[in-house]
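This report refers to the structure that appears directly beneath it.
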Amino acid sequence: MNARTRNFYLVPYLLWIALFVIAPIVLIVYYSLFNVEGQFTFGNYAKFFTPVYMQMTLSSFWYAFLITAFSLLVAYPAAYLLTKTKHKQLWLLLIILPSWINLLLKAYAFLGLFGTYGFVNSVLELVGIGTQQILFTDFSFVFVSVYIFIPFMILPIFNSLEELNPSLIYAARDLGASPWTTFRRVVFPLTLSGVKSGCQAVFIPALSLFMITRLIAGNRVITLGTAIEQHFLVTQDWGMGATIAVFLIIAMAVIMLLTGSRKRGLQDDSKKKAV
Amino acid sequence: MKQLVRLFAAVLIVSAGMMYLTAYLNSSQGYSSGNTLTIYNWGDYIDPELLKEFEQEQGMKVIYQTFDSNEAMMTKIEQGGTTFDVSIPSEYAISKMKEEGLLLPLDHSKLPNLQYIDPSFLDLSFDEGNKYSIPYFWGTVGIVFNPELTDLKFESWNELWDKSLRNQILLLDGAREVIGMGLNSLHYSLNDTEEAHLQEAKTKLSTLTPNVKAIVGDEIKMLLANEEAAVGLVWSGDAAEIMSENEKLDYVVPKEGSNLWFDNMVIPKTAKNIEGAHAFINFMLDPEHAAQNAEYVGYSTPNAKALEYLPADVAGDERFYPGKELTSKLEVYENLGKRMLSHYNELFLEFKMHRK
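Spelled out as structure tokens, the structure:
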């Protein structure tokens, strides 16, 4: 294949990137420079640094962190056990299955489950604990988000555990390492790339969660995603919505850079420049 | 590669077949152009029997499509590519659509039944002289409460701040409604734009936070009917629906006043069958039809003559057809302009962020 045909094959890819990656980002930055009345201004950026939006940013990061941490806590052992089971693919399928159901439907199902007269509270009543407020609390918000994101955490960890050469574990055991040391020194470091991409796949969407904040948390949790939705759909203040989106994009880029492994990070950089 | 080409060819052939089939089905059902009328309305917001009757009377085919928010509807009409002949937006959406030139002026000579509408619902600030819109239903914003879970009667908005309601209130997710409630409780106008008054309302609202269980959207109907909370701030239309689901609940508009809202029939600029659209609006204005529709939907009709055809317990229900004393205190939302609206939303966002 000579250079010319190779360049030719690049065209659709470049067009795709330009139309669906570069152009939207440029548009978002462009919109962020106008106020509600359509005048050019940097005021939106100044507004972002007021206490209201700063507090919102902090709480977004805090909840995204909680969601990621709990997802990891559940997903790692689950993925580990999965690699040990007989019918791996079947179990994996069962874990992925819920992600085929529409998000809104799942959220509504939790409304029924967690309600004052819902299933969970009937069980609590039966056990003797009594009815608790579950819906519209931080707990229900983090719980439902973790439930929704968990397949995205399990898959990469499962894959990296699968790729792990078992002879390395045997070697560690042969050389006298305890199971815990084997895990800490051999298994975990070698599956770190899976953990990292799992965290990326959960943390980044969790930062901009909306809808669940209303349905499950009853707007008691306000994230940047909620604010963007409000500004675009209700206030029609596209400028402020776009400004928040710009900060989210920056935050995501920073997270990608920090969590990408150093060697791969360098390669990614050179690719970006080429584009 | 060959397989890929084959796959694409198959997909193309199937989709072409589908397109032909839809075109065929449409024409066989009489959905050709000329004798159809496309109505774009809220879901479950008209008696389907009336549509059938209209079709028979006018020899027209009605295509009925639905939307679930004013914003979605406006976006769809703005972008074109649709042929909606009649739509039924709320009053603030009408003033916005009017400004953006999305509406066609109405020919009142083709609407003789307009005479039956209660004059107090005509010539309002959002459409002076009813050049573009005709009232369809109206209502208020008030409180739905469960007498089994609370002893309060909610004659005043201030009763919402009562300590017994801790974690018992559901609010609807609307900036104007919630901030408006704060303003009303302080005896200010719903359309107040004075910064000091708005800040006062916001400070007052933040003391309501411990009582607020959640701020939700359409789910509020289901949650209140399931007795998830004792009290809810809702539109009267939703209240009627909630009360038909759970008969224990009651609705009240506090005495300080509240919002008066309208859903009005309009002809969007996308209309193809303007003649038919007028005929439909006039058909819906007929007192008997209006009464039949009001009975089916459960909202309040602005048609004065239609009240005579409604059962006495519906037409005399003070909760949905409030008396003169309260009506005089109801206010229509004025279009405050984008900047003020954005300020209202900012305040609402701050209220939401206020933690217990």
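Order-wise, the sequence lines are chains A and B. For the first sequence, counting from 1, position 159 maps to 159 in this note's numbering; every step adds exactly one. For the second sequence, counting from 1, position 35 maps to 310 in this note's numbering; every step adds exactly one. Where a beta carbon is used, it is the ideal one built from N, C-alpha and C, also for glycine.
Name the residues in the region 193 to 223 of chain A whose C-beta lies less than 7 Å from a C-beta of chain B; which are they? So the close ones are R214, L215, G218, N219, R220, I222.
Inter-residue Cα distance where the pair is B:V506 and B:Y526: As a first step, residue 506 of chain B is located in the second sequence; it is residue number 231 there, counting from the start. As a first step, residue 526 of chain B is located in the second sequence; it is residue number 251 there, counting from the start. Cα-Cα distance, rounded: 10 Å.
Below 8 Å on the Cβ atoms is my contact criterion, and I expect B:N316 with B:S362 to pass it. Report the Cβ-Cβ distance as a whole number of Å. Counting from 1 along the second sequence, the entry for residue 316 of chain B is found at position 41. Counting from 1 along the second sequence, the entry for residue 362 of chain B is found at position 87. 7 Å between Cβ atoms; contact.
Reduced DSSP category for A:F136 - H, G, I as helix; E, B as strand; rest coil: Working through the first sequence from its first residue, we reach residue 136 of chain A at position 136. Looking at A:F136 - three-state DSSP - the assignment turns out to be coil, as it is neither helix nor strand.
Could you give the first and the last residue of the continuous alpha helix (DSSP H) run that contains B:F626? Working through the second sequence from its first residue, we reach residue 626 of chain B at position 351. Run containing B:F626: 613 to 628, per the alpha helix (DSSP H) assignment.
Going along the chain, which residues of its own chain have a beta-carbon closer than 7 Å to the beta-carbon of A:G241, five neighbours each way excluded? Position 241 of the first sequence holds residue 241 of chain A. Answer for A:G241: I228, H231, F232, listed in chain order.
Since A:E139 meets chain B, which of its residues come closer than 8 Å, beta carbon to beta carbon? For this step, residue 139 of chain A is matched to residue 139 along the first sequence. First, the residue type needs correcting, since residue 139 of chain A is Phe and not Glu in the sequence shown. Result: empty, since nearest Cβ-Cβ is about 14 Å, beyond 8 Å.
On the premise that A:I148 lies in contact with A:A75, defined as a C-beta separation below 8 Å, what is that separation, rounded to the nearest angstrom? Taking the first sequence and counting its residues from 1, one reaches residue 75 of chain A at position 75. Taking the first sequence and counting its residues from 1, one reaches residue 148 of chain A at position 148. That pair is no contact at about 13 Å.
If you draw a straight line from the alpha carbon of A:F141 to that of B:H564, how long is it in whole angstroms? On the first sequence, position 141 is the one that residue 141 of chain A refers to. On the second sequence, position 289 is the one that residue 564 of chain B refers to. Between A:F141 and B:H564, the C-alpha separation is close to 47 Å.
Chain B residues whose Cβ lies nearer than 9 Å to that of A:Y117: Along the first sequence, read from residue 1 onward, the residue named residue 117 of chain A stands at position 117. Per Cβ cutoff of 9 Å: N501, E502, E503.
Tell whether a beta-carbon distance below 9 Å holds between A:F48 and A:I244. Residue 48 of chain A sits at position 48 when you count from the first residue of the first sequence. Residue 244 of chain A sits at position 244 when you count from the first residue of the first sequence. Contact flag set, yes.
When you compare the CB positions of A:F152 and A:S208, do they come within less than 9 Å of one another, or not? By 1-based counting over the first sequence, the position of residue 152 of chain A is 152. By 1-based counting over the first sequence, the position of residue 208 of chain A is 208. Cβ atoms of A:F152 and A:S208: not closer than 9 Å.
Does the beta carbon of A:A227 come closer than 9 Å to any beta carbon on chain B? As a working note, residue 227 of chain A is residue 227 in the first sequence. Yes - at least one Cβ of chain B is within 9 Å of the one on A:A227.
Could you check the C-alpha separation between B:G414 and A:M252 for me, to the nearest Å? Reading the second sequence from its first residue, position 139 is the one you call residue 414 of chain B. Reading the first sequence from its first residue, position 252 is the one you call residue 252 of chain A. Spanning the two alpha carbons is a distance of roughly 45 Å.
Between the alpha carbons of B:L445 and B:K351, how many angstroms are there, rounded? Locating residue 445 of chain B in the second sequence gives position 170, counting from the first residue. Locating residue 351 of chain B in the second sequence gives position 76, counting from the first residue. Between B:L445 and B:K351, the C-alpha separation is close to 31 Å.
Option in A:V246, A:L66, A:R185, A:G115 with minimal Cα separation from A:I169: For the purposes of this step, residue 169 of chain A is identified with residue 169 of the first sequence, where counting begins at 1. When each option's Cα is compared against that of A:I169, the closest is A:R185.
Chain A contacts from the region 573 to 585 of chain B (Cβ-Cβ distance under 8 Å): none
Given a cut-off of 9 Å, decide if B:L535 and B:V607 are closer than it, judged by their beta-carbon atoms. Numbered from 1 along the second sequence, position 332 holds the residue referred to as residue 607 of chain B. Numbered from 1 along the second sequence, position 260 holds the residue referred to as residue 535 of chain B. Against a cut-off of 9 Å, the Cβ pair of B:L535 and B:V607 comes out as a contact.
For B:L386 versus B:I556, is the C-beta spacing smaller than 9 Å? Looking up residue 386 of chain B in the second sequence gives position 111. Looking up residue 556 of chain B in the second sequence gives position 281. B:L386 places its beta carbon less than 9 Å from that of B:I556.
Are the Cβ atoms of B:F396 and B:P410 separated by less than 9 Å? Residue mapping note: residue 396 of chain B aligns to position 121 of the second sequence, counting from 1. Residue mapping note: residue 410 of chain B aligns to position 135 of the second sequence, counting from 1. Yes. Within cutoff.
Where B:D343 meets chain D, residues with beta-carbon distance less than 9 Å: Here the protein chains are A and B, and chain D is not one of them.
Against chain A, does B:S617 count as a neighbour if the rule is that its beta carbon must be under 9 Å from one of theirs? Taking the first residue of the second sequence as position 1, residue 617 of chain B is located at position 342. True, the Cβ-Cβ gap to chain A drops below 9 Å.
Helix, strand or coil: how does DSSP classify B:F396 here? For the purposes of this step, residue 396 of chain B is identified with residue 121 of the second sequence, where counting begins at 1. Of the three classes helix, strand and coil, the one that applies to B:F396 here is helix, per DSSP.
For B:E503, is the classification buried or exposed, using 16 other Cβ atoms within 10 angstroms of its Cβ as the cut-off for buried? Within the second sequence, numbered from 1, the residue matching residue 503 of chain B stands at position 228. Counting Cβ neighbours within 10 Å, B:E503 comes out buried, since at least 16 surround it.
Within 10 Å of its beta-carbon, does B:G457 have 16 or more other beta-carbons around it, so buried, or fewer, so exposed? For the purposes of this step, residue 457 of chain B is taken as the residue at position 182 of the second sequence. Buried: at least 16 other Cβ atoms inside 10 Å.
Identify the continuous beta strand (DSSP E) that holds B:V337 and give its terminal residues. Here the question's residue 337 of chain B lines up with position 62 in the second sequence. Per DSSP, B:V337 belongs to the beta strand (DSSP E) from 336 to 342.
Cβ-based burial, A:K263 [other Cβ within 10 Å; buried from 16]: As a first step, residue 263 of chain A is located in the first sequence; it is residue number 263 there, counting from the start. Here the model assigns A:K263 a pLDDT of 49, short of 50, so the residue's position is not dependable and the matter cannot be decided.
Would you mind sorting A:L121 into buried or exposed? The rule is 16 or more other CB atoms within 10 Å of its CB. Here residue 121 of chain A corresponds to residue number 121 of the first sequence, with the count starting at 1. The sequence as given places Asn at residue 121 of chain A; Leu does not occur at that position. Burial call: buried.
Can you find at least 3 beta carbon pairs, one from the region 366 to 379 of chain B and one from the region 530 to 548 of chain B, that sit closer than 8 Å? yes
Can you tell me whether B:Y619 is buried or exposed, with buried defined as 16 or more other CB within 10 angstroms of its CB? Within the second sequence, the letter at position 344 stands for residue 619 of chain B. When all chains shown are included, B:Y619 counts as buried.
Looking at B:A587 and B:T576, is the spacing between their C-beta atoms short of 9 Å? For the purposes of this step, residue 576 of chain B is identified with residue 301 of the second sequence, where counting begins at 1. For the purposes of this step, residue 587 of chain B is identified with residue 312 of the second sequence, where counting begins at 1. Their beta carbons are not under 9 Å apart, which means B:T576 does not touch B:A587 by this criterion.
Please state whether DSSP places A:W16 in a helix, a strand or coil. Sequence index remark: in the first sequence, residue 16 of chain A carries index 16 (1-based). Helix at A:W16.
May I ask you to report which of helix, strand or coil DSSP gives B:G414? Position 139 of the second sequence, counted from the first residue, corresponds to residue 414 of chain B. Of the three classes helix, strand and coil, the one that applies to B:G414 here is strand, per DSSP.
Please work out which residues of its chain come closer than 8 Å, Cβ to Cβ, to B:P597, disregarding the five sequence neighbours upstream and downstream, and give them in chain order. Against the second sequence, residue 597 of chain B aligns to sequence position 322. Contacts found: T415, V528, L605.
Does any C-beta atom of chain B lie closer than 9 Å to the C-beta of A:V127? Sequence index remark: in the first sequence, residue 127 of chain A carries index 127 (1-based). No, A:V127 does not count as interfacial toward chain B.
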